[in-house]
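S.K.: The listed protein sequences correspond, in order, to chains D, E, G and B.
If you use our numbering, the first sequence corresponds to residues -14 to 240, in order.
If you use our numbering, the second sequence corresponds to residues -14 to 240, in order.
If you use our numbering, the third sequence corresponds to residues 855 to 1156, in order.
If you use our numbering, the fourth sequence corresponds to residues 855 to 1156, in order.
Glycine included, each C-beta is placed from N, C-alpha and C at the ideal position.
This one's a predicted model, so the numbers in the text were calculated from it and none came from an experiment.
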Amino acid sequence: MSIQELCTVRDNRQLTGSVFALTLEAPRISSAAAPGQFVHIACGEARLLRRPISICQAHDGLLKLVFAAKGEGTQWLSRCSAGDVVDVLGPLGHGFDLSALGDRPVFIGGGIGVPPMLQTMQAARAAGAQPTAILGFRSRDAVILEDDFRAAGTVYIATDDGSYGIHGFVSDVLRAHIGAFTSVCCCGPKPMLRALAEIAQAAGIPCQVSMEERMGCGIGACLVCACALKAEDGAVRYGHVCKDGPVFYAEEVQW
Amino acid sequence: MSIQELCTVRDNRQLTGSVFALTLEAPRISSAAAPGQFVHIACGEARLLRRPISICQAHDGLLKLVFAAKGEGTQWLSRCSAGDVVDVLGPLGHGFDLSALGDRPVFIGGGIGVPPMLQTMQAARAAGAQPTAILGFRSRDAVILEDDFRAAGTVYIATDDGSYGIHGFVSDVLRAHIGAFTSVCCCGPKPMLRALAEIAQAAGIPCQVSMEERMGCGIGACLVCACALKAEDGAVRYGHVCKDGPVFYAEEVQW
Amino acid sequence: MADLRVNFCGVELKNPVTTASGTFGFGHEYGEFYDLGELGGIGVKGLTPEERLGNPAPRIAETPMGILNCVGLQNPGVDRFIEEQIPFLRQYDTRIIANVSGTTVEEYAGIVEKISDADVDLIEMNISCPNVKCGGLTFGTQPKMVEEVVSAAKRVAKKPLIVKLSPNVTDIAEIARAAVSAGADALSLINTLLGMRIDVESRRPILSNIMGGLSGPAVFPVAVRMVYQVHQAVDVPIIGMGGIRTGRDIVEMMLAGASAVAIGTACFADPMAPVRALHELEQFLDEHGIASVTELTGGLRI
Amino acid sequence: MADLRVNFCGVELKNPVTTASGTFGFGHEYGEFYDLGELGGIGVKGLTPEERLGNPAPRIAETPMGILNCVGLQNPGVDRFIEEQIPFLRQYDTRIIANVSGTTVEEYAGIVEKISDADVDLIEMNISCPNVKCGGLTFGTQPKMVEEVVSAAKRVAKKPLIVKLSPNVTDIAEIARAAVSAGADALSLINTLLGMRIDVESRRPILSNIMGGLSGPAVFPVAVRMVYQVHQAVDVPIIGMGGIRTGRDIVEMMLAGASAVAIGTACFADPMAPVRALHELEQFLDEHGIASVTELTGGLRI
Ligand SMILES: Cc1cc2nc3c(=O)[nH]c(=O)nc-3n(C[C@H](O)[C@H](O)[C@H](O)COP(=O)(O)OP(=O)(O)OC[C@H]3O[C@@H](n4cnc5c(N)ncnc54)[C@H](O)[C@@H]3O)c2cc1C
Ligand SMILES: Cc1cc2nc3c(=O)[nH]c(=O)nc-3n(C[C@H](O)[C@H](O)[C@H](O)COP(=O)(O)OP(=O)(O)OC[C@H]3O[C@@H](n4cnc5c(N)ncnc54)[C@H](O)[C@@H]3O)c2cc1C
Ligand SMILES: Cc1cc2nc3c(=O)[nH]c(=O)nc-3n(C[C@H](O)[C@H](O)[C@H](O)COP(=O)(O)O)c2cc1C
Ligand SMILES: Cc1cc2nc3c(=O)[nH]c(=O)nc-3n(C[C@H](O)[C@H](O)[C@H](O)COP(=O)(O)O)c2cc1C
Ligand code: FES
Ligand code: FES
């Protein structure tokens, strides 16, 4: 069920040079939100399209979103401050399937793909699993949400330049520890997801990936957010990230 | 000399249901402004065109504008509040010619044409004249700036419905008192200006009118703000409100 | 309370507000936000004789007050539409406008014939999709081809046939006349204007298909102009579309000559757009003492 | 620091940023805001053989991220331009692009011949003004007429001849080919798209001329598309215009195929637009290690 809610900004704080944590008062959306879902936010009257942002946390009537100020829309969002009102659609899409994680799932995020893994990991822990997180960042400056993840389980941090944590990619960390896990859930750049999916497949454990695509409606009506999936006959068919996803089982995806 | 200045809003207050008085910190524009000139204000990133607004008062580094919130742009402006920054071009155009007012000029404003007459009347008084104002409004609710005008000289107020002051039009008031004046300066709807110009002409006194037209550049480059003037051979030629005006001698105008 | 009903080619629309094909799926999604029965009609995603996959992503790019799309007519095919979607849509008290495309004259005639036998109210023939390479664009831009394809379709159409025009032409009135002389019962316009965006970092087109169709408020003045020109040129009713967001936009489009309107891209910004605009329209009519919305059509004063 | 110079038909522009005809008068007004010598060239208001009064007001209407205008080529006539304006413009270290129009083939040839003998650097022949009823629009939309008028002008032109194309056509590449085969040394595009707005209160068109030309950011994706199509179709340099506001917009237009650009409507929103965009362009080139701005032209990767 999609909800359109006018949300008052409770707080907007800068986590790194370009990453912001936005807390919205969103009683209706937050109470309906499931891990891995996203919201679609109107970013000022000068831009027609909403911006899709994953839900990082949803509780107590609040919605926490963590986003990078990249282009015009997210920059607009980064300038919102407490008391401002933003128009939010959500919760949207199809989040992580928590039913088949096993008792030692691993949650992997790369860069701005890290935030949606938090709520997911917390949910797994609440359901009794012993979750691990593998978080990848460009460098020490880019590390976000470390404490929140540590509170939810074991955490490995990898940086591309070695300035913090393990020097390397999240895929290196996964490969090194793959035997310890019962399933993989991940979000990040497509090449990273693909690499992780291959490792999981080789190890024979299920892997769920959260995909990104440019969106129009955000709810499944316009068909612009096509994601190439494997059709039954092995050919391509297009699913839609906003409705069928953003989370897919890796084996469904035509990489 | 046109100046582009980023002005901080000092104050924005509602005078009537739809009329606002906006005070801007505009040290450069205000010190260059002459009575009857206008500014061209950018009204938010969603609208391409600036809005022309007459200067109501300019002193001490401040610019006071009084405007009606009508369409999208002026509504945006009406929502600005102290501390906001607005992008202003000004002072623009060609104001009232104060050199030939005589010692008993009358300043006539109709509705939202009232504000620009204030600075003009004050300037005439400062130059030693004994100015009168005739201000016309729809009804009592619409009366603005009365005290400011009273401080500058004699004031007649007329309302269309008779709910305040004289019941009738500013043209009625002018006609009744025309013998008392040495010149007319006026701003308001075109039919009003035309009526006033005819009365002044019949009385043989000079009449200056402040015209309105839809604008692009506001500085004379795009030629969209055409105002039909009398060419020497009696035919029409187009002057431009933003540069040749907004103030014209009534006899120049092709009504 | 103004009378909002419009008689469109003999089909009564409860009000002139419909949805633009391709922006509204088959209604399920926006149906979560309001009762689809509030709308005058629902234009469904463009249908083709067989299922179409559409183009790869990215299929959308943002532009100033507009968007480009290159969906490429992804749809399940007309048969599955008839089987799976009509029963859903028929639950609502609204008109079904089936939007159909083909790549040859025969395909157009075939799909129009098939959809004629199904339980839809109006047939909108899209001869103007810029995202389908063979056929579509060419049909809509050449008067001769327009005549040929519309004649063939009209011969087999058992429901009112609306022909949807492309704005990517030198003379829209000429195309409109061709369609009407070939038997179009009504016209709808505009489809999207061909446009392009480039990502300056990668130096690649943003859209997978290089070019795509521009829609949204940016095109509104072009749409109003074309509706005006077409209304001057022909005598059939028009569904006006292209950038409509508000009730006042509807009024403007109807004054230019439209009998009904469609709202598309505005839904992406605001899912409530069609019903919000409808209520604004109603309010405008009441405030202006206009008894029937039909009084607006072609009410422009020159 | 990147090299910003562009050799345009043998004329060196110090940078690719020029101003769009009709939006910049003869330079006096914007010259109060910055040194006109900062620009690569100045496109002046469209000139006709005789003085033209233009259309009555209103001549402008706002649209979502665009404007409509119907100035109707108000100008003092080419003789007074030569006498009064060239001396002013020559004070600045920038190129003068004289924009000329006529209503017959003979008039076009006549004005091109006359301006050729004056001290201007480039001649831009506007065969596409939508606001002049006889001539203008028709010339620019029919390949045959384009060939005829361009041939006649080329025969007498002693300066590089840029032909300015109308976007209101079915196939811009066809028009571009006609102009080039008739001798155009360069092309500029796009002129304005025909549009219309109606005041819903008075039910009258906002513009005195009913319809007018759409410009500004709204048309940018259409302009990029047409520059791309024309760059694919012909081999002459292109001045790209239509909705450019920023340095990144310039990059996008050049990647599509433009050798230089013109900025028009953006000046109304920000009088500094051309110089601001130029500085942004310079910064983009430096940040991306691009040695010469000419590397951008046609640099789109498909
Ligand atoms: C399901 C989903 C969840 C996401 N969650 C997050 C998140 O939690 N935090 C975060 O920082 N980012 C997230 N993103 C990416 C985010 O949507 C884009 O960074 C954002 O849309 C860019 O907008 P802009 O105004 O900065 O850029 P602009 O360049 O101005 O955007 C122009 C257009 O392109 C679209 N666009 C540009 N980049 C992307 C992209 N990578 N993905 C989708 N659309 C794009 C925009 O939405 C807009 O329509 C998510 C994307 C998706 C699809
Ligand atoms: C020289 C001059 C001085 C003015 N001084 C004042 C003043 O002091 N106070 C005041 O309240 N109003 C003044 N106006 C009128 C004011 O400019 C318009 O009310 C305003 O532009 C309307 O903008 P909007 O966003 O409310 O309307 P919209 O309908 O959104 O405007 C759309 C477009 O039409 C233009 N437009 C609409 N109405 C007018 C109009 N009457 N005149 C010119 N352009 C118009 C807008 O500028 C804009 O470009 C003046 C106009 C001129 C030309
Ligand atoms: C994503 C998208 C998909 C579209 N698909 C179709 C289609 O399948 N058939 C069709 O006739 N028009 C299609 N159109 C065009 C719209 O129906 C409409 O003509 C156009 O978008 C202008 O209206 P708007 O500005 O309100 O969106 C599509 C438009 C968009 C934005
Ligand atoms: C007010 C105005 C007047 C114009 N006059 C002319 C003209 O005289 N000759 C011409 O070739 N183009 C004229 N144009 C078109 C512009 O030169 C340019 O092609 C168009 O506006 C697109 O660029 P822009 O979006 O940057 O304004 C005019 C445009 C505007 C807005
Ligand atoms: S964004 Fe419209 S279907 Fe996914
Ligand atoms: S507004 Fe441009 S010349 Fe007056």
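1) Does the beta carbon of Ile1098 (chain B) fall short of 7 Å from some heavy atom of ligand 4?
2) Under the assumption that Ile93 (chain E) contacts Cys171 (chain E) (Cβ atoms under 8 Å), give the Cβ distance between them as a whole number of angstroms.
3) Compute the distance between the beta-carbons of His152 (chain D) and Thr144 (chain D), then report whether it is under 8 Å.
4) Is Gly990 (chain B) helix, strand or coil when you go by DSSP?
5) Against chain G, which members of the stretch 1027 to 1055 of chain B pass a CB distance test of less than 8 Å?
6) Lys899 (chain B) to Ser156 (chain E), Cα distance in whole Å?
7) Does any CB atom of chain G fall closer than 8 Å to the CB of Gly1153 (chain B)?
8) Quick one: Cα of His25 (chain E) to Cα of Ala127 (chain D), how far?
9) Assuming Val1081 (chain G) contacts Ile1092 (chain G) (C-beta within less than 8 Å), just tell me the rounded distance between them.
10) At a cut of 8 Å, does the stretch 201 to 216 of chain D reach the stretch 913 to 933 of chain G through at least three beta carbon pairs?
11) Can you tell me which of G:Phe878, G:Pro1059, G:Asp947 puts its alpha carbon nearest to the alpha carbon of Asp975 (chain G)?
12) On the DSSP bridge assignment, give the partners of Phe122 (chain E) in chain order.
13) What's the gap between the Cα of Gly894 (chain G) and the Cα of Glu886 (chain G)?
14) Contact check, Ile1060 (chain G) vs Ala952 (chain G) under 8 Å by CB: the rounded distance?
15) Grab the span of the beta strand (DSSP E) containing Cys1121 (chain B) for me, first residue to last.
16) Which residues in the same chain as Ala1011 (chain B) place their Cβ atom closer than 7 Å to its Cβ, once the five residues preceding and following it in sequence are excluded?
17) Please determine, among G:Gly994, G:Asn1022, G:Ala1110, G:Gly1101, the residue with the shortest C-alpha to C-alpha distance to Thr872 (chain G).
18) In chain order, what residues of the stretch 51 to 77 of chain E put their CB closer than 7 Å to some CB of chain D?
19) Relative to ligand 4, is the shortest distance from any of its heavy atoms to the C-beta of Gly1118 (chain B) smaller than 7 Å?
20) Compare the C-alpha of Ala1114 (chain B) against each of B:Gly891, B:Ile896, B:Tyr962 and name the closest.
21) Please confirm whether Ser195 (chain E) has its beta-carbon closer than 8 Å to some beta-carbon of chain A.
22) What is the DSSP secondary structure of Met999 (chain B), reduced to helix, strand or coil?
23) When the distance is taken between beta carbons, is Ser1069 (chain B) closer than 8 Å to Ala911 (chain B)?
24) Please confirm if Glu(-10) (chain D) has its CB atom under 8 Å from at least one CB of chain G.
25) Can you confirm whether Tyr884 (chain G), when its beta carbon is compared against all beta carbons of chain D, has any partner nearer than 8 Å?
26) Could you tell me which chain E residues have their CB closer than 8 Å to the CB of Ala31 (chain D), listed as they occur along the chain?
27) Any heavy atom of ligand 5 within a distance shorter than 7 Å of the CB on Val128 (chain D)?
28) Have a look at Ala1038 (chain B) and Val1004 (chain B) and give me their C-alpha separation to the nearest angstrom.
29) Assess, as a yes-or-no matter, whether the stretch 1021 to 1034 of chain G is touched by the stretch 1017 to 1037 of chain B under the definition of 3 or more beta carbon pairs within less than 8 Å.
30) Out of curiosity, what's the CA-to-CA distance linking Gly1152 (chain G) and Gly994 (chain B)?
31) Classify Arg13 (chain E) as helix, strand or coil using the three-state DSSP reduction.
32) So, are the CB atoms of Gly68 (chain E) and Met177 (chain E) less than 8 Å apart?
33) Take every Cβ of the stretch 190 to 203 of chain E, pair it with every Cβ of the stretch 108 to 125 of chain E, and state whether three or more of those distances are shorter than 8 Å.
34) How should Arg944 (chain B) be labelled, buried or exposed, when 16 other C-beta atoms within 10 angstroms of its C-beta is the threshold for buried?
35) Reducing DSSP to helix, strand and coil, say where Ser1146 (chain B) ends up.
36) For Lys55 (chain D), count the other beta carbons within 10 Å of its own beta carbon; 16 or more makes it buried, fewer makes it exposed. Which is it?
M.R.: Concretely, from the data shown:
1) Sequence index remark: in the fourth sequence, residue 1098 (chain B) carries index 244 (1-based). Result yes, Cβ under 7 Å from ligand 4.
2) The count along the second sequence starts at 1 and reaches residue 93 (chain E) at position 108. The count along the second sequence starts at 1 and reaches residue 171 (chain E) at position 186. Taking 8 Å as the upper bound for CB-CB distance, Ile93 (chain E) and Cys171 (chain E) are in contact here, some 4 Å apart.
3) As a first step, residue 152 (chain D) is located in the first sequence; it is residue number 167 there, counting from the start. As a first step, residue 144 (chain D) is located in the first sequence; it is residue number 159 there, counting from the start. Yes. Within cutoff.
4) Within the fourth sequence, numbered from 1, the residue matching residue 990 (chain B) stands at position 136. Here Gly990 (chain B) scores only 44 on pLDDT, less than 50, and its place in the model is too uncertain to base an answer on.
5) Leu1047, Leu1048, Gly1049, Met1050, Arg1051, Ile1052, Val1054
6) On the fourth sequence, position 45 is the one that residue 899 (chain B) refers to. On the second sequence, position 171 is the one that residue 156 (chain E) refers to. Answer to the nearest angstrom: the Cα atoms are 41 Å apart.
7) The sequence position of residue 1153 (chain B) within the fourth sequence is 299, counting from 1. Yes, because at least one Cβ of chain G sits closer than 8 Å to the Cβ of Gly1153 (chain B).
8) Sequence index remark: in the second sequence, residue 25 (chain E) carries index 40 (1-based). Sequence index remark: in the first sequence, residue 127 (chain D) carries index 142 (1-based). If you take the alpha carbons of His25 (chain E) and Ala127 (chain D), they lie about 43 Å apart.
9) Locating residue 1081 (chain G) in the third sequence gives position 227, counting from the first residue. Locating residue 1092 (chain G) in the third sequence gives position 238, counting from the first residue. That belief holds up - the Cβ atoms of Val1081 (chain G) and Ile1092 (chain G) are roughly 6 Å apart, short of 8 Å.
10) Yes, since at least three Cβ pairs between the stretch 201 to 216 of chain D and the stretch 913 to 933 of chain G fall closer than 8 Å, the two stretches touch.
11) Sequence index remark: in the third sequence, residue 975 (chain G) carries index 121 (1-based). Asp975 (chain G) has its Cα closest to that of G:Asp947, out of G:Phe878, G:Pro1059, G:Asp947.
12) Within the second sequence, residue 122 (chain E) is the residue found at index 137, counting from 1. DSSP output for Phe122 (chain E) lists E:Thr144 as bridge partner(s).
13) Counted from its first residue, the third sequence places residue 894 (chain G) at position 40. Counted from its first residue, the third sequence places residue 886 (chain G) at position 32. So the two alpha carbons sit approximately 17 Å from each other.
14) Start at 1 with the first residue of the third sequence, and residue 1060 (chain G) comes out as number 206. Start at 1 with the first residue of the third sequence, and residue 952 (chain G) comes out as number 98. That belief does not hold up - the Cβ atoms of Ile1060 (chain G) and Ala952 (chain G) are roughly 31 Å apart, past 8 Å.
15) Residue numbering aside, residue 1121 (chain B) sits at position 267 when the fourth sequence is read from its first letter. No beta strand (DSSP E) holds Cys1121 (chain B); the alpha helix (DSSP H) holding it covers 1120 to 1123.
16) To locate residue 1011 (chain B), count along the fourth sequence from 1; it is residue 157. Closer than 7 Å at Cβ, skipping near neighbours: Val966, Ser970, Ile977.
17) Your numbering for residue 872 (chain G) matches position 18 in the third sequence. Of G:Gly994, G:Asn1022, G:Ala1110, G:Gly1101, the residue nearest in Cα terms is G:Gly1101.
18) Answer set for the stretch 51 to 77 of chain E: empty.
19) The residue labelled residue 1118 (chain B) in the question sits at position 264 within the fourth sequence. Yes, ligand 4 has a heavy atom inside 7 Å of this Cβ.
20) Here residue 1114 (chain B) refers to the residue found at position 260 when the fourth sequence is read from its first residue. Taking only the C-alpha atoms, the option nearest Ala1114 (chain B) is B:Ile896.
21) This model lacks chain A altogether, as its protein chains are D, E, G and B.
22) Position 145 of the fourth sequence, counted from the start, is the residue given in the question as residue 999 (chain B). Three-state DSSP puts Met999 (chain B) in a helix.
23) Here residue 911 (chain B) corresponds to residue number 57 of the fourth sequence, with the count starting at 1. Here residue 1069 (chain B) corresponds to residue number 215 of the fourth sequence, with the count starting at 1. Against a cut-off of 8 Å, the Cβ pair of Ser1069 (chain B) and Ala911 (chain B) comes out as no contact.
24) Counting from 1 along the first sequence, the entry for residue -10 (chain D) is found at position 5. It does not; no Cβ of chain G falls within 8 Å.
25) Taking the third sequence and counting its residues from 1, one reaches residue 884 (chain G) at position 30. Output row for Tyr884 (chain G): interface = yes.
26) Stepping through the first sequence from its first residue, residue 31 (chain D) is reached at position 46. By Cβ distance, chain E contributes Gly29, Glu30, Ala31.
27) Residue mapping note: residue 128 (chain D) aligns to position 143 of the first sequence, counting from 1. Val128 (chain D) Cβ: outside cutoff for every heavy atom of ligand 5.
28) As a first step, residue 1038 (chain B) is located in the fourth sequence; it is residue number 184 there, counting from the start. As a first step, residue 1004 (chain B) is located in the fourth sequence; it is residue number 150 there, counting from the start. Straight-line Cα distance between these residues: approximately 7 Å.
29) yes
30) To locate residue 1152 (chain G), count along the third sequence from 1; it is residue 298. To locate residue 994 (chain B), count along the fourth sequence from 1; it is residue 140. Roughly 30 Å between the two C-alpha positions.
31) The count along the second sequence starts at 1 and reaches residue 13 (chain E) at position 28. Residue state, collapsed to three classes: helix.
32) Taking the first residue of the second sequence as position 1, residue 68 (chain E) is located at position 83. Taking the first residue of the second sequence as position 1, residue 177 (chain E) is located at position 192. Cβ atoms of Gly68 (chain E) and Met177 (chain E): not closer than 8 Å.
33) no
34) Taking the fourth sequence and counting its residues from 1, one reaches residue 944 (chain B) at position 90. Arg944 (chain B) comes out exposed.
35) Reading the fourth sequence from its first residue, position 292 is the one you call residue 1146 (chain B). In this structure, Ser1146 (chain B) counts as strand in the three-state DSSP scheme.
36) To locate residue 55 (chain D), count along the first sequence from 1; it is residue 70. The residue in question, Lys55 (chain D), is exposed, as its Cβ has fewer than 16 Cβ neighbours within 10 Å.
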